[in-house]
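The numbering used here puts the first residue of the sequence shown at -3, with every later residue one more than the last.
The beta carbon of each residue, even a glycine, is placed where N, CA and C say it ideally should be.
Worksheet: the structure to be examined is printed underneath.
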Amino acid sequence: MHQIKLFKGIETELSQLQDEVNAWLRDNQNLRVLNIFGNIAPQTLRQQPGGSMGDRQFAPSDVLMTVVYEKS
């Protein structure tokens, strides 16, 4: 039976997300990984004080990684 494991991070901390996924894979070598895929959410414009349209800044986007696996 297929199962999933979800990992969530933000785009400015991708190396931490990568480390988390790799650590989980190392700790679960008895699993058969069928697929790994991810998605990055659209960026949202941060609200500027005073409603200024200059110097637009975007908040870091959420990143979702999905591992599809089955138990061996």
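Handout entry: Sheet register partners of V29 (DSSP bridge)
Key = Y65
Practice task
Would you list the residues sitting across from N35 in a DSSP beta bridge?
Solution key: L60
Practice task
For V29, count neighbouring Cβ atoms within 10 angstroms of its own Cβ and tell me buried if that reaches 16, exposed if not.
Solution key: Label assigned to V29: exposed.
Practice task
Starting from the Cα of K4, find the closest Cα among S68, A19, L60 and N31 and give me that residue.
Solution key: L60
Problem - Q53 - containing beta strand (DSSP E), residue span - result: Element bounds for Q53: n/a, residue is neither H nor E.
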